[in-house]
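Only one structure is covered here, and it is reproduced in the block below.
Residue numbers (the UniProt record's numbering): 1 to 122.
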């Protein structure tokens with residue numbers, strides 16, 4: 001069972017990308033491993049600022065990869081909100097937004113993930 005919530009986009013958000021909450025309770029693209037990522041967008045044509053966007057907060061979702069993704073890897077956001085392996089330096093924290101269920105060979109491929117944001121430390 002997935003938990004999906006509808007939010008208002010605070011900026012343009014693309015389909016199957018990681019997002020975070022902004023100060024005004026809208027969602028905006030997640031752009032770094034340190035962002036407090038809340039989930040993955042489900043917006044087939046993307047959504048402009050002010051529009052409604054569904055966000056998978058927990059459960060299985062498909063996310064666009066920003067590079068090769070290994071099955072089982074913890075994932076975080078690249079600068080464009082795509083999924084990349086979470087690899088914090090020793091003693092540093094990162095937000096791992098999901099765990100890869102299937103691998104992705106390269107950037108632009110899609111991978112099913114189990115969305116359950118958590119903090120990991122290198």
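Ideal Cβ placement from N, Cα and C applies to all residues, glycine included. As the structure is a computational prediction, the values presented were derived from the model and not from experiment.
Burial state of residue i (16 or more Cβ within 10 Å)
{"i": "residue 3", "result": "exposed"}
{"i": "residue 18", "result": "buried"}
{"i": "residue 76", "result": "buried"}
{"i": "residue 30", "result": "buried"}
{"i": "residue 5", "result": "exposed"}
{"i": "residue 79", "result": "exposed"}
{"i": "residue 66", "result": "buried"}
Beta-carbon separation (whole angstroms), residue i vs residue j, contact threshold 8 Å
{"i": "residue 100", "j": "residue 94", "result": "15 Å between Cβ atoms; not a contact."}
{"i": "residue 116", "j": "residue 98", "result": "7 Å"}
Distance between residue j and residue i (C-alpha atoms, nearest Å)
{"i": "residue 70", "j": "residue 84", "result": "10 Å"}
{"i": "residue 59", "j": "residue 88", "result": "24 Å"}
{"i": "residue 8", "j": "residue 63", "result": "20 Å"}
{"i": "residue 36", "j": "residue 68", "result": "23 Å"}
{"i": "residue 112", "j": "residue 56", "result": "12 Å"}
{"i": "residue 121", "j": "residue 53", "result": "30 Å"}
{"i": "residue 107", "j": "residue 73", "result": "15 Å"}
DSSP-derived helix/strand/coil call for residue i
{"i": "residue 29", "result": "strand"}
{"i": "residue 64", "result": "strand"}
{"i": "residue 123", "result": "This structure cannot speak to residue 123, because the chain is shown only from 1 to 122."}
{"i": "residue 59", "result": "strand"}
{"i": "residue 89", "result": "coil"}
{"i": "residue 99", "result": "strand"}
{"i": "residue 108", "result": "coil"}
{"i": "residue 54", "result": "strand"}
Residue i at chain D interface by Cβ criterion, 7 Å
{"i": "residue 92", "result": "The structure shown contains no chain D; it holds only a single protein chain."}
Is the region 30–44 touching the region 3–15, taking contact as three or more C-beta pairs under 8 Å? yes
Count the CB pairs spanning the region 102–109 and the region 19–31 that are closer than 8 Å, and state whether there are at least three. no
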